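Written out below as structure tokens is the structure these notes cover.
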Amino acid sequence: MLLPGLGQLYGEQWVKGILMCLGVLGLLGRGIWSIFAAEGSTASGFWQLGLAAGLYGFNLWDAHRGLCQPAHRSAKSPPKDAWYSLFLSQLLPGLGHFYLDQALLGGVFLVLGVGLAYWANRDFLMLMPVAYGIWAAAGYHAYRTGPHRTRSAPALVALIVVGVFVTRLAVGYTPTLINQSVVQCIVPSESMLPTLQVRDRIFVRRNQFYRPQTGDIVVFTPPPKAIAELETTPDTLFVKRIVGLPGQQVQISGGQIFIDQQSLSEPYEVKPVSYTWGPDLVPPNAYFVLGDNRDASADSHVWGFLPRRDILGKAYKIYWPPERVRSLLE
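So the sequence shown is numbered by the working numbering: it starts at 258 and just counts up by one.
Laid out in structure tokens, this is it:
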């Protein structure tokens, strides 16, 4: 349960153990890369994660099947297995104690472990180590109080329990770490046609050191003037393209965009602009942003310059729907 293939290696099934470990970890790594990398296929990534989960489940079954030895047992009362109680306790705290007929203690571990894990995932992230600590303690206690055909070293059991605790904690914090580095956004309007379509789902990379460049697609919260002009809410996310950088002069005239009196070269596809604007100078720590669907976009030509502090990050990938998946870094 700690690492795919360890059970097979413990049973001296070397080739199977190594292949199991490499298979699960390889599928897991490749799946995560496919989902979050700009060049990866999101649908393929989900399939790879599903296969990794299936192979991990098969690993548990295969390790148990390969290591279980026939035991002398009566038909009426088969002997309890301490390792099995430890395994059950990692599925849910207290299950191992129920298996050992320690119902009261099992109920206490179950309520505390599941209850704290629920609160941690909802509102109190700092409770997560406490919740998983209870899961680990339940597993260790179930093993130590269970029947033993051969007495294993307490240090080995403690090491296994700590390893499972650390693994579970890492998995539990992974969504939080992802949310701190990647923002998921649904395109709300036709302002970025043809580049982005309504309901496209995009990944936005958070980076406090990010400095937008001309042509970048950025996601941001609307500045106060945009909120007032468009009667939107502060938590709405906008997506536009960077056109003017701090200190540059921007002018829109005759269907062209001029930056410092030079026509802006745009290698990406945009819809023509019919209005005029400027010239005006972009203030420090601010940007001039436009939608690619120029005449149907409420952007800087409507509500002014975008402060840098409102930018969440750079959009780098359409990750859904599957037929629309592609990199936005081209």
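Glycine residues also receive a C-beta, built at the ideal position from the N, C-alpha and C atoms.
These numbers were taken from a predicted model, which means no experiment stands behind them.
For L494, there is no enclosing alpha helix (DSSP H), as DSSP marks it with neither H nor E. Annotated as proximal: G548 and R498, with beta-carbon spacing under 9 angstroms. Nearest to R456 by C-alpha distance, out of N464, Y467 and Q441, is Q441. For a cut-off of 8 angstroms, the C-beta gap from W577 to R401 is around 48 angstroms, too long to register as a contact.
Per DSSP, R287 is one residue of the alpha helix (DSSP H) stretching across W271 to F293. In the pairwise beta carbon analysis, the stretch 363-377 is classified as not touching the stretch 312-320: fewer than three pairs are separated by under 8 angstroms. Of the residues assessed, R551 falls on the buried side of the cut-off, its CB having 16 or more other CB atoms within 10 angstroms. For K574, the enclosing beta strand (DSSP E) stretches over residues I568 to W577. Counting only runs of at least 4 residues, the stretch 526-553 fully encloses no alpha helix (DSSP H) element at all. When only Cα atoms are considered, A309 and Q437 end up about 25 angstroms apart. Taking all protein chains shown into account, V582 has 16 or more neighbouring C-beta atoms within 10 Å of its C-beta and is therefore buried. When beta bridges are read from the DSSP output, I516 appears opposite V507 and Q519. Residue pairing by DSSP places F460 opposite Q441 and K574 in a beta bridge. Bounds of the beta strand (DSSP E) holding F477 are I474 to F477. Less than 9 angstroms divides the Cβ of V500 from the Cβ of I514. Inclusion of G288 and W304 in the CB contact set at 9 angstroms is warranted, their separation being smaller than that value. Distances from the CA of S301 to each of L586, P579, A374 and R425 were compared; the closest alpha carbon is that of P579. Within the same chain, and ignoring the five residues on either side of T424 in sequence, the residues whose Cβ sits closer than 7 angstroms to its Cβ are L259. In this structure, V546 lies away from S531, with their beta-carbon atoms at least 9 angstroms apart. For Q265, the enclosing alpha helix (DSSP H) stretches over residues L263 to Y267.
Selection V461, L538, G472 and L521 evaluated against T478 yields V461 as nearest (Cα-Cα).
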